[in-house]
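Following: one structure in structure tokens, then a few remarks.
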């Protein structure tokens, strides 16, 4: 009888502790980043080093920041993609990276023109909303816009 009480007490303690361990354990720490040459661009991170590694953009524009945040939103256009930055606490922060043609690929090998099946084979099902597949990792979101089963747009975004 004494042994049974110890076993039951141990089971009770395990049942109470398991949810705590599961809550602490690992969530999805993956973030989505775009790589081009030696540059790694991750939404929500300081832009300075990535922009330096990318070199001179084809074009650059800026406008007053939205949302009442002091500073300037900036747009850097490169061959095949565009980088959007917003003011941050450590200088400009990468907000969005938009792939604009099939000359560049995601690290998973996906580009404009890839099929829905290519995307789900590389990344899984993701969240589906109409003609959009969305993948969330950490504070980043990777969105694929589709038309007739083909990728027409790829956007990396910051979930702030």
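In my numbering, the protein residues as written are 9 to 168. The beta-carbon is built from N, C-alpha and C at its ideal position, and this holds for glycine as well. Note that the structure is a prediction, hence the values are computed from the model and not measured.
Exposure label - residue 105; buried when at least 16 CB within 10 Å: By the beta-carbon neighbour count (other beta carbons within 10 angstroms, threshold 16), residue 105 is buried.
Those residues which DSSP pairs with residue 47 across a bridge: 44
Give the straight-line distance between the Cα atoms of residue 44 and residue 86, rounded to the nearest whole angstrom. 10 Å
Classify residue 93 as helix, strand or coil using the three-state DSSP reduction. strand
Extent of the continuous alpha helix (DSSP H) run through residue 127: 124-131
Segment contact, 8 Å Cβ cut-off, at least three pairs: the stretch 133-150 with the stretch 90-104: no
So residue 65 and residue 102 are in contact, right, with Cβ under 8 Å, and what is the actual spacing, rounded? Going by Cβ atoms, the distance from residue 65 to residue 102 rounds to 14 Å, so no, they are not a contact pair.
Can you give me the C-alpha to C-alpha distance between residue 108 and residue 140, rounded to a whole angstrom? 16 Å
Is it buried or exposed, residue 68, if we count other Cβ atoms within 10 angstroms and call 16 or more buried? In the assembly as shown, residue 68 is an exposed residue. Its beta-carbon has fewer than 16 other beta-carbons within 10 Å.
Whole-angstrom Cβ separation of residue 91 and residue 150, contact assumed at under 8 Å? Incorrect: roughly 15 Å between the Cβ atoms, too far for contact.
8 Å Cβ cutoff met for residue 127 and residue 152: yes
Along the beta strand (DSSP E) that carries residue 2, what are the first and last residues, could you check? As shown, the chain starts at 9 and ends at 168. That puts residue 2 outside it, with no answer to give.
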